[in-house]
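Contents: one structure, followed by commentary.
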Amino acid sequence: MVNETNLTKFFNASVKETDPEVSSIIKSEIKRMAEGLEMIPSENVVSLSVLNALGSVFTNKYSEGYPHKRYYGGNENADSVESLAIERAKKLFGVPHVNVQPYSGSPANLAAYFAVCEPGDTVMGLNLPDGGHLTHGWKVNFSAKYYKSVPYHVKPDGYIDLDEVKKLALENKPKLIWCGATAYVREFPFEELGQIADEVGAYFAADIAHVAGLIVGGAHKSPVSHAHIVTTTTHKTLRGPRGAMIMVTQKGLDKDAELAQKIDKAIFPGLQGGPHDHQTAAIAVALGEALKPEFADYAKQIVKNNITLGKTLMDNGIKLVTNGSDNHMQLIDLTQYGKGKGVFVQNALDAAHITVNKNTIPSDPSTPFYPSGIRLGTPAITSRGMKEMEVTLIGKWIAEIIKEIAPAYDLPEDKTKAQYIESVNPEIKQNAVVQRVKQNVMQLCSKFPLYATLDY
Ligand code: DSN
Numbered sequence: 033m034v035n036e037t038n039l040t041k042f043f044n045a046s047v048k049e050t051d052p053e054v055s056s057i058i059k060s061e062i063k064r065m066a067e068g069l070e071m072i073p074s075e076n077v078v079s080l081s082v083l084n085a086l087g088s089v090f091t092n093k094y095s096e097g098y099p100h101k102r103y104y105g106g107n108e109n110a111d112s113v114e115s116l117a118i119e120r121a122k123k124l125f126g127v128p129h130v131n132v133q134p135y136s137g138s139p140a141n142l143a144a145y146f147a148v149c150e151p152g153d154t155v156m157g158l159n160l161p162d163g164g165h166l167t168h169g170w171k172v173n174f175s176a177k178y179y180k181s182v183p184y185h186v187k188p189d190g191y192i193d194l195d196e197v198k199k200l201a202l203e204n205k206p207k208l209i210w211c212g213a214t215a216y217v218r219e220f221p222f223e224e225l226g227q228i229a230d231e232v233g234a235y236f237a238a239d240i241a242h243v244a245g246l247i248v249g250g251a252h253k254s255p256v257s258h259a260h261i262v263t264t265t266t267h268k269t270l271r272g273p274r275g276a277m278i279m280v281t282q283k284g285l286d287k288d289a290e291l292a293q294k295i296d297k298a299i300f301p302g303l304q305g306g307p308h309d310h311q312t313a314a315i316a317v318a319l320g321e322a323l324k325p326e327f328a329d330y331a332k333q334i335v336k337n338n339i340t341l342g343k344t345l346m347d348n349g350i351k352l353v354t355n356g357s358d359n360h361m362q363l364i365d366l367t368q369y370g371k372g373k374g375v376f377v378q379n380a381l382d383a384a385h386i387t388v389n390k391n392t393i394p395s396d397p398s399t400p401f402y403p404s405g406i407r408l409g410t411p412a413i414t415s416r417g418m419k420e421m422e423v424t425l426i427g428k429w430i431a432e433i434i435k436e437i438a439p440a441y442d443l444p445e446d447k448t449k450a451q452y453i454e455s456v457n458p459e460i461k462q463n464a465v466v467q468r469v470k471q472n473v474m475q476l477c478s479k480f481p482l483y484a485t486l487d488y
């Protein structure tokens, strides 16, 4: 028999007692996060409430369909939590229609195509090596295999080439134009791209996965009055669980009165089965947090921290794409030290407990797997409470490591790249500068606990 006390006990039962193997891996991951600086700009630290909702009994439920129109019984609570998430998202973003069921960002974008395009239609998005996303038309992705992809690019200065977008749009008459990126450091030109889309009669979809938190926090302008469709993940600057949402704007409904139904049908039954109700519950919690006034302070602090990070790096001799940033991420250009240096710097920073990712830079002289840049940012360290003072220290440490490691190692031109990287890794880990920075990082992290209330 399940009474409330049993349920509470069950809910709180630690995996420690039932599965020591998994428990020990989770414990190691908590330690890694707690003792390091998470600076991958698409990652964050969710609240304990978000974690709690994500680990709730909703994971047991099947709810194919939408609130009050389900294919299974027992959905009164799933209806309530999904309706609540939808209402919060509508209020937060100022849109008339929201679907909170996409499993993650790529399925959300796939649904947008499925809703408004036929296979073979022409679509445009930012080229992946220029910072764009796989699902915006990169050649190996469904978005270029099933649609005719005409990518646009950034200019040599790193900003989106709006003249090129206009020229390509007039020539190719796309059905859909995307705005959004994984590695773009300036505010998106939503208004200008929306005008181009209108001129050629295209749908305009803004994928705000990276900057959703900055937008709802008032640190960046919203695309809602310019786009027909807005997609976003929920786990980046929005600081929710892994998941995604698709929004239809009033402009979208004015263009196509059926657009909301088309999006909903594309998600279910078009592409997905049962929604992840535990994810929906956690999204509702995160949206509730984002509606609070303190979230605006958080969003603005992310940007302030990132501007400080960029300035510190440049003051210490590091080159940045576009010489800085407007958002939550920086793209370090390592080509002053040679090509393909990203992997050595990523490994050295990893050894110093600073987690970043190697990334292509515009016109990268190397390849996406061995790129010449580093992408890093401030959402997660801002969630831990770090401000400009801490970020200045971190920026100096990163610059020290780059200057120590990047000139010291060169990628072989032949097929021995992976063996070479593996062979120099132990030396990089033991490097005196890397070791000193690691000690400093661990000391700093101890003052900003990941979850002050968790026992790890
Ligand atoms: N993987 C995400 C990122 O890191 O930006 C994009 O899908």
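Using my numbering, the letters of the sequence shown correspond one by one to residues 33 to 488. Note that CB positions come from ideal geometry on N, CA and C, so glycine has one too. The structure displayed is predicted, hence computed values, not measured ones.
Inter-residue spacing [alpha-carbon to alpha-carbon] between residue i and residue j
i	j	result
Ile58	Gly342	33 Å
Ala383	Val47	29 Å
Asp111	Ser95	9 Å
Gly17	Gly275	No answer is possible for residue 17: the residues shown for the chain start at 33 and end at 488.
Phe90	Lys447	49 Å
Met346	Thr354	11 Å
Ser74	Pro273	12 Å
Gly250	Asp309	29 Å
Ser175	Pro134	17 Å
Ile434	Leu200	38 Å
Val34	Pro183	In this predicted model, Val34 has a pLDDT of only 42, less than 50, meaning its place in the structure is not dependable enough to derive any value.
Lys390	Val377	8 Å
Ala313	Thr214	26 Å
Glu6	Gln293	The structure shown does not extend to residue 6, since the chain spans only 33 to 488, so no value can be given for it.
Leu86	Ser478	27 Å
Pro151	Ser181	11 Å
Ser455	Ala440	14 Å
Asn107	Lys324	29 Å
Asp442	Gly68	27 Å
Tyr488	Ile62	Note that Tyr488 scores a pLDDT of 45, beneath 50, so its modelled location is shaky; the value from the coordinates is reported in the next line. Cα to Cα, the separation comes out at about 7 Å.
Residue j beta carbon less than 8 Å from that of residue i
i	j	result
Val127	Val256	yes
Val77	Leu352	no
Gly212	His252	no
Ser398	Gly372	yes
Ile278	Ala144	yes
Leu363	Ile386	no
Pro206	Val172	no
Leu202	Cys149	no
Ala237	Thr263	yes
Trp210	Gly157	yes
Gly409	Phe480	no
Residue i, DSSP secondary structure in three states
i	result
Ser181	strand
Ala251	coil
Thr167	helix
Cys149	coil
Pro394	coil
His308	coil
Leu270	coil
Asp162	helix
Ala384	coil
Gln362	strand
Glu459	helix
Thr414	helix
Ile278	strand
Val34	For Val34, the pLDDT reaches just 42, beneath the cut-off of 50, and the residue's location in the model is therefore unreliable, although a value from the coordinates is still provided. Three-state DSSP puts Val34 in coil, outside helix and strand.
Asn173	coil
Val262	strand
Lys336	helix
Ile350	coil
Thr367	helix
Tyr488	Since pLDDT at Tyr488 reaches only 45, below the 50 mark, its modelled position is unreliable, and the value read off the structure follows with that caveat. Residue state, collapsed to three classes: coil.
Test: residue i CB closer than 8 Å to a CB of chain D
i	result
His260	Here chain D cannot be found, since the structure has a single protein chain.
Member of the options whose CA lies at the smallest distance from the CA of residue i
i	options	result
Lys332	Ala298, Ser415, Lys287	Ser415
Gly190	Pro161, Leu200, Ile72	Pro161
Asn359	Ser115, Glu61, Ser404, Tyr330	Tyr330
Ser81	Asp195, Val262, Arg271	Arg271
Glu219	Trp170, Gly106, Asp239, Asn173	Asp239
Tyr369	Ala380, Lys336, Glu436, Thr312	Glu436
Gly163	Glu108, Glu290, Pro403, Pro325	Pro403
Leu124	Ala237, Thr281, Ala450	Thr281
Ile315	Lys268, Pro400, Glu459, Ala438	Lys268
Gln471	Ile406, Pro444, Trp429, Gln451	Trp429
Val473	Ile426, Ile72, Glu321	Ile426
Ala493	Pro307, Glu422, Asn141, Pro99	Coverage of the chain is limited to positions 33 through 488, which leaves residue 493 absent and any answer about it impossible.
Lys287	Ala318, Gly356, Tyr235, Gln311	Tyr235
Leu246	Ile192, Val335, Ala298, Ala117	Val335
Asn338	Val317, Ile413, Leu291, Leu303	Ile413
- Task: Mind listing, in chain order, the continuous alpha helix (DSSP H) runs of no fewer than 4 residues lying wholly within the stretch 72-124?
- Result: 80-86
- In chain order, which beta strand (DSSP E) runs of at least 3 residues are fully inside the stretch 203-260? 208-211, 235-239
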